[in-house]
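Report on one structure; see the data block that follows.
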Amino acid sequence: MPVSDSVALGQRVTILHPALVNLYGCRIGDDCRIGTFVEVQKNAVIGARCKVSSHSFICEGVTLEDEVFVGHGVMFTNDRLPRATNAQGGLQSEADWCLTTTRVCRGASIGSNATIVCGVTIGEGALVGAGAVVTHDVPPFAVVAGVPARVIGRVGGTPHNGGAGIESAQSAAAAGA
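Residue numbers (the working numbering): 5 to 181.
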């Protein structure tokens, strides 16, 4: 079943194609929109008014706070040392690895094809550029891009009023910010 009975769905959640998602053991808040070919694993939490675009993977241990945007094809990880087999040579089970959590704070946006390596916090209102690989915490309202992701600017305004634009790191430094 693409949407398992173990999923806690909030009110007015829109799943564009319920037969083409894989949701199990997770919690999805009110007024969210989940795109096609999205997987949300057990113990993942998606807050209210979030949008998760198609082909994204939200694994166990990931928390998206309210009003987070996840672009197409975004991948989260939850294991710093992934391996196929355990020390005895058998396939790993849940007992053989350590879950590392990730938090995406309120109003943050993650561009398409970004990879979020586990153990980071993406700050409130931050913007992760398309294709970025996030390996460290992202400060609130920072704009990060690249591989690995680096701060290149700052989001002006708040995520609720559309912001006042993006200020580059160079112009922010020149202005004494």
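A virtual CB, placed ideally from N, CA and C, is assigned to each residue, including glycine.
- Per DSSP, T139 lies in no beta strand (DSSP E) segment and is marked neither H nor E.
- Below 8 Å, enough C-beta pairs join the stretch 63 to 81 and the stretch 100 to 119 to call them touching: three or more.
- L24 sits in a helix when the DSSP states are folded into three classes.
- Going by DSSP, T67 is part of the beta strand (DSSP E) stretching over 66 to 68.
- T106: member of the beta strand (DSSP E) spanning 106 to 108, first to last residue.
- Residue pairing for S97: DSSP places it in no beta bridge.
- Each residue's CA atom was taken as its position, placing R16 and C54 some 12 Å apart.
- For R87, DSSP records no beta bridge to any residue.
- As the crow flies, the alpha-carbon of T89 is around 21 Å from that of V121.
- Spanning the alpha carbons of V151 and N47 requires a straight line of approximately 28 Å.
- Relative to the Cα of G39, the nearest Cα in the group L103, V7, T106 belongs to V7.
- When C-alpha distances from P143 are compared across S10, A130, C102, the shortest belongs to A130.
- L27 counts as buried, since at least 16 other C-beta atoms from the protein chains shown sit within 10 angstroms of its C-beta.
- C102 sits away from I126, with the two beta carbons spaced by 8 Å or more.
- Nearest Cα to G14 within the set L24, A52, F41: A52.
- The three-state reading of DSSP puts R16 in coil, since its state is none of H, G, I, E or B.
- According to DSSP, residue pairing for T81 in a beta bridge does not occur.
- Taking 8 Å as the cut-off, the Cβ atoms of V138 and V148 count as close.
- The C-beta separation of I50 from G33 comes to about 6 Å, placing the pair in contact by the 8 Å criterion.
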